[in-house]
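Trainee: Counting in the working numbering, the sequence shown runs without a single skipped number right up to 1234 at its last residue.
Every residue, glycine too, gets a C-beta built ideally from N, C-alpha and C.
One structure, pasted below without further comment.
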Amino acid sequence: MKMSDGVEQAIHCVAMLAGLSEGSVLSAAALAEFHGVSTSYLLKHLQALSGAGILDTVPGPKGGYRLAKAPKEISLLDIVLAVEGSAPAFRCAEIRQRGPNPVSDRLFAQPCTINAAMLKAERVYRAELAKTSLADIGIELAAVDDGSIAARGCAFLEIHERKTAR
């Protein structure tokens, strides 16, 4: 299964926003700059994350984005569904009923076994994403970081973080 680039960008941006000081925001332009991505493409995903209740949006020239809830309350599945939507990745079009030499409709009374297998796999994949929170990702990163990753993020936030009233 292939996800859009927006999923990766969204997860990284949400993770970065978890490092903001209380009452601060980051602009979409700053998030795009840090990750080396297009601001206009990223904005679409930030808006989807806001619509899903993952991010708060602060309007205006000093505005930006911040988490709407604690990192432990945001799962990777929440982010993926906000960006990609809730439709299953595999969509059965019942092609088994097409083509030459049709067979009796009674043979198609049961759901397609291929579709059933794909949906089962998707349930497992979604369950794994649902049990992994943004806080979990932060803990795993801290365990392998020699301090360089944290220092890079902190230095960037020091310059680009915008203080606002909460």
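(1) Return the chain-ordered list of same chain residues with a C-beta closer than 8 angstroms to the C-beta of P1094, the five sequence neighbours on each side being excluded.
(2) How far does the alpha helix (DSSP H) with V1126 in it reach, from first residue to last?
(3) For S1154, does the count of other Cβ atoms within 10 angstroms reach 16, so buried, or fall short, so exposed?
(4) Tell me whether the beta-carbon of C1160 lies closer than 8 angstroms to the beta-carbon of L1114.
(5) In the structure shown, what three-state DSSP assignment does K1238 receive?
(6) Closest by CA to A1157, which one among A1138, A1184, I1142, G1167?
(7) Mapping DSSP to helix, strand and coil, what is V1105?
Mentor: Reading off the structure:
(1) At residue 1094 the sequence reads Leu, which differs from the Pro that was named. The beta carbon of L1094 sits closer than 8 angstroms to those of M1084, L1085, L1088, G1132, Y1133, R1134, L1225, H1228, E1229, R1230, all from its chain and outside the five residues before and after it, given in chain order.
(2) Per DSSP, V1126 lies in no alpha helix (DSSP H) segment; the continuous beta strand (DSSP E) that holds it begins and ends at 1123-1126.
(3) Classified as exposed, S1154 has fewer than 16 neighbouring CB atoms from the shown chains inside 10 Å of its CB.
(4) No. Outside cutoff.
(5) The requested residue 1238 does not occur in the structure, where the chain is confined to residues 1069 to 1234.
(6) The residue among A1138, A1184, I1142, G1167 with its C-alpha nearest the C-alpha of A1157 is A1184.
(7) V1105 carries a coil assignment under DSSP once its states are collapsed to helix, strand and coil.
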